[in-house]
Amino acid sequence: MSDSRTQVLTRLHEKIRSGRPVIGGGAGTGLSAKCAEAAELDLIVIYNSGRYRMAGRSSMAGLMPYGDANAIVMEMAREVLPVVHRTPVFAGVCGTDPFRSIPRFLDEVVKEGFSGVQNYPTVCLFDGIIRANLEETGLGFDKEVDLVRHARERDLLTMAYVSDEAEATAMTEAGADILVPHMGLTTSGMIGAETALTLDDATTQVAALQQVIAGIRPDAIVLCHGGPIAGPEEARHVISKAAGVHGFLGASSMERLPTETAMVDHMRSYADISLSQ
39 MSDSRTQVLT RLHEKIRSGR PVIGGGAGTG LSAKCAEAAE LDLIVIYNSG RYRMAGRSSM
99 AGLMPYGDAN AIVMEMAREV LPVVHRTPVF AGVCGTDPFR SIPRFLDEVV KEGFSGVQNY
159 PTVCLFDGII RANLEETGLG FDKEVDLVRH ARERDLLTMA YVSDEAEATA MTEAGADILV
219 PHMGLTTSGM IGAETALTLD DATTQVAALQ QVIAGIRPDA IVLCHGGPIA GPEEARHVIS
279 KAAGVHGFLG ASSMERLPTE TAMVDHMRSY ADISLSQ
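Reminder that position 163 of the sequence shown reads as 201 in our numbering, one-by-one numbering, no gaps.
Encoded structure:
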């Protein structure tokens with residue numbers, strides 16, 4: 039991707055001013071990325087969780103110690119980046135990785151050909167005693183904020199998941215270009231969440247975080263994501279009800295759910311063939 043950070047942001051802001059949403063999608067395979075570009079999505083993200091969900095496992099596996107998250111993303115890059123020609127591709131970077139110098143790793147991200155980064159896996163999806171212990175032992179959200187600052191120094195595009203006002207404030211002040219209020223694991227489908235907010239509650243939370251972000255930096259782009267926002271109708275609902283939300287970022291909703299539906303329907307259609315008598 040040859041466009042600079044400034045060029046990409048200018049294009050996104052022009053789209054918003056024209057009344058059209060900014061839409062991004064996760065790509066767990068090269069085919070998903072090719073489809074995203076064919077659909078003219080505005081941005082693509084490679085998450086380690088994409089490998090798990092497209093292998094039929096829960097996206098939550100990306101938050102567990104089943105693999106080296108940052109190494110997995112770099113492996114996936116070799117599958118995805120060569121088939122994407124126009125769309126900015128973000129690397130999901132685990133900023134709390136205790137075995138990497140994040141500044142040096144970001145230099146590798148740049149050399150690999152990524153246009154930007156996003157904080158994933160993210161501790162913003164943990165709460166309670168686990169979250170408290172992560173924060174107390176040097177594996178907290180502040181490391182993800184540092185990730186965004188280091189990425190900005192390298193003129194990378196930056197996108198940040200946030201789940202509450204403190205996180206939204208920290209990431210906006212750090213200069214994240216795109217802020218994404220995260221409403222939790224996406225519902226629906228074969229391996230979707232069953233525990234989630236209602237759509238109206240998610241809309242209220244997204245709107246509240248948008249207000250925090252806009253109060254600090256009005257030019258920040260805000261996208262909704264996750265939980266009950268599982269399809270285009272749900273995304274339309276949130277975007278229409280929460281003023282200042284500029285679009286949607288989907289992962290499971292972009293590749294896992296449509297793949298499940300399309301493949302099952304297609305495979306079942308063969309069973310409708312009648313044998314000649």
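In this text, a Cβ means the ideal position worked out from N, Cα and C, and glycines have one as well.
Just so it is clear, the structure is predicted and the values come from calculations on it, not from any experiment.
With fewer than 16 other Cβ atoms inside 10 Å of its own Cβ, K149 counts as exposed.
Within its own chain, the residues whose Cβ lies closer than 6 Å to the Cβ of T125, once the five positions on either side in sequence are excluded, are E75 and I82, listed in chain order. The continuous alpha helix (DSSP H) containing T241 extends over residues L237 to I254.
Under the DSSP assignment, V83 falls in the beta strand (DSSP E) whose first and last residues are L81 to I84.
The beta carbons of V155 and A129 sit closer together than 7 Å.
Restricting attention to T241, I140, Q45 and A170, the CA atom closest to the CA of E272 is found in T241. Of all alpha-carbon atoms in A93, A208 and R49, the one lying nearest the alpha-carbon of F179 is that of A208. With fewer than three CB-CB distances shorter than 8 Å, the stretch 47-61 does not count as touching the stretch 98-105. In summary, R91 is buried, with 16 or more beta-carbon neighbours lying within 10 Å of its beta-carbon over all protein chains present. One thing to note: V302 has its Cβ no nearer than 7 Å to the Cβ of H263. In the structure shown, H123 falls within a coil segment according to DSSP collapsed to helix, strand and coil.
The stretch 156-167 makes contact with the stretch 185-201, as at least three CB pairs between them are under 8 Å. DSSP links I259 through a beta bridge to I216. Take H304, set aside five residues on each side of it, and no residue of its chain has a beta-carbon closer than 7 Å to its own. Taken through DSSP and simplified to helix, strand or coil, Q315 comes out as coil.
Beta-bridge pairing by DSSP links M197 to Q156 and I216. If you ignore the 5 residues before and after A71, its C-beta comes within less than 7 Å of the C-beta of A65, I82, V118, V121 and V122, all in its own chain and listed in chain order.
Sequence-distant Cβ neighbours of Q243 in its own chain, meaning closer than 8 Å and more than five residues away, are P219, M221 and L235.
Contact between H275 and I259 does not hold, since their C-beta atoms are separated by about 19 Å, which reaches or exceeds 8 Å.
Per the coordinates, the alpha-carbon of G88 lies some 18 Å from the alpha-carbon of D80.
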